Amino acid sequence: MRSVTRPATGVGTVEDDAPRTPAIEVRGLRVSRGGRPVLHDLDLEIVRGTVTGLLGPSGCGKTTLLRAIVGVQRIEAGRVTVLGTPAGNPRLRQRVGYVTQAPSVYTDLSVAENLRYFAAVLGVPRDEPARVLEQVGLHGRERDLVGRLSGGQRARVSLAAALLGTPELLVLDEPTVGLDPVLRRELWQLFHRLAASGATLLVSSHVMDEAERCTRLLLMRDGRLLTHDTPAGLLAATGAPDVEQAFLRLVAGTDGGPDTDRDTDFPRTEQS
Amino acid sequence: MNPRRTFATARRVLLQLRHDPRTVALMLGAPCLLITLLKYVFDDRPQVFHTMGAPMLGVFPLTVMFVVTAVATLRERTSGTLERLLTMPLGKLDLLLGYALAFGLLTLVQGLLAFGLTVGLLGLTVAGPSWLLLAVAVADGLLGMALGLFVSAFATTEFQAVQFLPAFVLPQLLLCGLFTPRATMAAWLHALSDALPLSYAVDAMNEITTRSGLSGRTVADLLIVLGCALAALALGAVTLRRRTA
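Laid out in structure tokens, this is it:
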């Protein structure tokens with residue numbers, strides 16, 4: 001097996017594929033889970049260097065789409081191309097960082113032990129753990145056992161592990177859930193800094209007010225894309241005062257009216 | 001496969017155990033306690049300890065390693081860390097061999113302790129070379145580890161994983177010749193016991209107990225046990241899927 005190391009800095013310096021190709025290209029993606037269709041012939045393209053928000057109510061297929069992009073989802077039909085390479089290709093394993101919804105770190109290890117292990121697996125320099133801990137604001141918590149951290153801190157350890165080696169594409173499944181507003185703002189600032197240095201971020205959320213923090217928006221419902229636009233473009237196109245209203249108008253436009261059951265589990269803001 | 005990633009994985013598994021000293025103490029202590037009990041429960045019939053001491057030395061590492069590995073791997077599957085690792089440049093073999101190295105080391109320590117106690121303090125004497133007892137015990141531990149890794153794929157909760165012990169290991173224990181010689185079993189039971197790896201481990205231990213020198217049969221039995229461990233590891237690798245439904 002090759003032991004390539006990801007560049008610690010300088011995203012976008014990778015020479016193999018033209019940076020002009022989209023970071024993610026999905027064509028006719030269809031996924032069923034347990035006989036039930038989850039994604040219906042999805043098409044989308046995500047430009048490099050953007051922070052794209054994937055928004056939609058719980059259960060609309062966001063996680064399945066992200067898993068397909070990372071290459072861990074068995075798909076029924078369609079094509080997913082990531083950084084110019086078919087999703088799930090071994091060459092992508094050092095270039096794509098993935099954060100699952102539930103923090104996927106070892107609760108019985110300390111913060112530093114977790115990051116040192118993932119750094120060794122990725123083959124990145126030894127000072128990477130310290131750098132990513134600084135980025136997620138967990139500097140000084142190296143020796144804490146992950147199992148004793150709060151939910152939000154665990155989520156940040158999981159995020160830190162995905163930042164190791166500065167991947168070109170970051171796929172983040174609800175990374176800000178349960179975080180306090182200050183931390184959420186800090187993380188969004190971090191996402192934009194990463195995008196400014198060349199990385200592409202795809203961030204899912206079921207909370208509508210995160211939408212205004214993204215450069216591009218993907219609105220999703222029942223396994224279908226409602227729209228792909230900038231926040232401003234979306235508001236202009238729908239004439240809605242905010243993204244939540246825009247979502248409701250788009251739903252009304254597609255199937256003749258929002259069904260109230262579904263929209264109740266779509267919180268405008270995180271209220272926990 | 002990549003040695004750096006394999007060793008990093010082994011180190012990580014050992015670090016996890018270091019954070020859980022109670023489990024380590026139980027893993028190392030329980031076999032010693034059970035062997036000591038065997039000796040003194042049958043104090044008036046010393047031949048029981050004489051004939052069963054060596055096979056017991058092989059059975060304990062298997063059961064202990066089976067449970068620990070089944071639960072540890074299940075945790076890796078359910079906590080999402082396995083999915084994360086499989087999106088990283090970690091080979092399936094790196095992961096499996098990492099586990100094998102870490103738990104193999106623990107098996108060795110456990111084997112040394114139980115072996116030292118049995119042969120040293122409790123005075124078990126065998127006709128064959130006594131170091132072979134240690135070799136078979138370690139092979140048994142590896143077999144238990146590999147089986148635990150494999151069955152963890154079929155468990156979705158830790159309750160289920162633990163229930164695999166009575167479902168998967170205890171039948172082998174009854175059929176392996178520990179309680180009644182395999183030769184005296186009904187034909188179908190004998191055939192069944194021939195198909196189970198623990199039978200060969202116990203055969204090897206019995207061979208060492210009764211026959212002097214290094215017998216070819218012991219070596220063959222030992223190789224069968226190791227072969228089964230490798231086969232179970234390979235089956236375990238098949239159950240690690242990068243793409244899931």
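Chains as they are written, first to last, in our numbering: chain B, 1 to 272; chain X, 1 to 245.
Just so it is clear, CB atoms sit at the ideal spot from N, CA and C, and this is done for glycine as well.
In this text the structure is predicted, and so the values were computed from the model without any measurement.
Is there a Cβ from chain B that is less than 7 Å from the Cβ of residue i?
{"i": "A8/X", "result": "yes"}
{"i": "A245/X", "result": "yes"}
{"i": "G80/X", "result": "yes"}
{"i": "L149/X", "result": "no"}
{"i": "Q16/X", "result": "yes"}
{"i": "T87/X", "result": "yes"}
{"i": "H19/X", "result": "yes"}
{"i": "E83/X", "result": "yes"}
Using a C-beta cutoff of 7 Å, does residue i count as contacting chain X?
{"i": "M1/B", "result": "Caution applies to M1/B, whose pLDDT of 41 falls short of 50 and renders its modelled position unreliable; the value that the coordinates give is listed next. Yes, contact with chain X."}
{"i": "A102/B", "result": "yes"}
{"i": "D108/B", "result": "yes"}
{"i": "V26/B", "result": "no"}
{"i": "Q245/B", "result": "no"}
{"i": "L163/B", "result": "no"}
{"i": "V11/B", "result": "Confidence in V11/B is poor, its pLDDT being 44 and thus under 50, which makes the residue's placement unreliable; the coordinate value appears in the next sentence. With 7 Å as the cut-off, V11/B does not count as an interface residue toward chain X."}
{"i": "V124/B", "result": "no"}
{"i": "V70/B", "result": "yes"}
{"i": "Q153/B", "result": "no"}
{"i": "L120/B", "result": "Note that residue 120/B corresponds to Ala in the displayed sequence, not to Leu. By this cut-off, A120/B is an interface position."}
{"i": "R148/B", "result": "no"}
{"i": "R156/B", "result": "no"}
Rounded to the nearest angstrom, what separates residue i and residue j at their Cα positions?
{"i": "P90/B", "j": "Q172/X", "result": "40 Å"}
{"i": "T213/B", "j": "L219/B", "result": "Looking at the sequence shown, residue 213/B is not Thr but Arg. Between R213/B and L219/B, the C-alpha separation is close to 14 Å."}
{"i": "L62/X", "j": "M145/X", "result": "7 Å"}
{"i": "V11/B", "j": "A199/B", "result": "Since pLDDT at V11/B reaches only 44, below the 50 mark, its modelled position is unreliable, and no value is offered."}
{"i": "R6/B", "j": "L34/X", "result": "Note on R6/B: pLDDT 48, under 50, position unreliable in the model; no value is reported."}
{"i": "L230/X", "j": "A220/X", "result": "15 Å"}
{"i": "A162/B", "j": "E25/B", "result": "21 Å"}
{"i": "G28/B", "j": "L39/B", "result": "9 Å"}
{"i": "D127/B", "j": "Q16/X", "result": "22 Å"}
{"i": "T184/X", "j": "G123/B", "result": "57 Å"}
{"i": "S199/X", "j": "F7/X", "result": "32 Å"}
{"i": "R250/X", "j": "A236/B", "result": "This structure leaves residue 250/X out entirely; chain X is present only between 1 and 245."}
{"i": "T9/B", "j": "V151/X", "result": "Confidence at T9/B is low in this model, with a pLDDT of 44, below 50, so its placement is unreliable and the value that follows should be read with caution. Near 42 Å, if we compare the C-alpha coordinates of V151/X and T9/B."}
{"i": "L274/B", "j": "R22/X", "result": "For chain B, the structure presents residues 1 to 272; residue 274/B sits outside this window and is missing."}
{"i": "L44/B", "j": "P22/B", "result": "10 Å"}
{"i": "P167/B", "j": "S204/B", "result": "18 Å"}
{"i": "P3/X", "j": "R11/X", "result": "12 Å"}
{"i": "V13/X", "j": "L106/X", "result": "11 Å"}
Going by the CB atoms, is the gap between residue j and residue i shorter than 7 Å?
{"i": "M1/X", "j": "G91/X", "result": "yes"}
{"i": "T9/X", "j": "G53/X", "result": "no"}
{"i": "P197/X", "j": "L143/X", "result": "yes"}
{"i": "G58/X", "j": "V136/X", "result": "yes"}
{"i": "A102/B", "j": "G80/X", "result": "yes"}
{"i": "G128/X", "j": "R211/X", "result": "yes"}
{"i": "A211/B", "j": "V171/B", "result": "no"}
{"i": "S110/B", "j": "L65/B", "result": "no"}
{"i": "T308/X", "j": "V70/B", "result": "Residue 308/X lies beyond the stretch modelled for chain X, which goes from 1 to 245, so this question has no answer here."}
{"i": "T218/X", "j": "A237/X", "result": "no"}
{"i": "P175/B", "j": "V72/B", "result": "no"}
{"i": "T107/B", "j": "G147/B", "result": "yes"}
{"i": "Q135/B", "j": "P89/X", "result": "no"}
{"i": "R74/B", "j": "R243/X", "result": "yes"}
{"i": "A245/X", "j": "R33/B", "result": "yes"}
{"i": "L187/B", "j": "L226/B", "result": "no"}
Can you tell which of the options has the C-alpha that lies nearest to the C-alpha of residue i?
{"i": "V71/X", "options": "V162/X, M88/X, L170/X, T6/X", "result": "V162/X"}
{"i": "V280/X", "options": "W188/X, D140/X, T180/X, A191/X", "result": "Residue 280/X lies beyond the stretch modelled for chain X, which goes from 1 to 245, so this question has no answer here."}
{"i": "L83/B", "options": "I46/B, E134/B, L109/B", "result": "I46/B"}
{"i": "G227/X", "options": "R182/X, L147/X, G128/X", "result": "L147/X"}
{"i": "L165/X", "options": "T180/X, L149/X, L124/X, G177/X", "result": "L149/X"}
{"i": "L138/B", "options": "L172/B, L183/B, V124/B, T107/B", "result": "L183/B"}
{"i": "V48/X", "options": "F103/X, L240/X, N206/X", "result": "N206/X"}
{"i": "M208/B", "options": "R30/B, A120/B, S58/B, F118/B", "result": "S58/B"}
{"i": "F66/X", "options": "I208/X, C32/X, A167/X", "result": "A167/X"}
{"i": "T215/B", "options": "H206/B, D222/B, L201/B, V70/B", "result": "L201/B"}
{"i": "L248/B", "options": "R131/B, E142/B, R221/B", "result": "R221/B"}
{"i": "L132/X", "options": "A100/X, G216/X, L38/X", "result": "G216/X"}
Which residues mark the beginning and the end of the beta strand (DSSP E) in which residue i is found?
{"i": "S158/B", "result": "Per DSSP, S158/B belongs to no beta strand (DSSP E); it is in the alpha helix (DSSP H), 151–163."}
{"i": "E25/B", "result": "24–33"}
{"i": "H40/B", "result": "36–46"}
{"i": "R216/B", "result": "216–221"}
{"i": "G97/B", "result": "96–99"}
{"i": "D229/B", "result": "224–229"}
Counting only beta-carbon atoms, is residue i nearer than 7 Å to chain D?
{"i": "R5/X", "result": "Of the protein chains in the structure, B and X, none is chain D."}
Assuming residue i is part of the alpha helix (DSSP H), what are its boundary residues?
{"i": "D203/X", "result": "197–210"}
{"i": "S193/X", "result": "187–194"}
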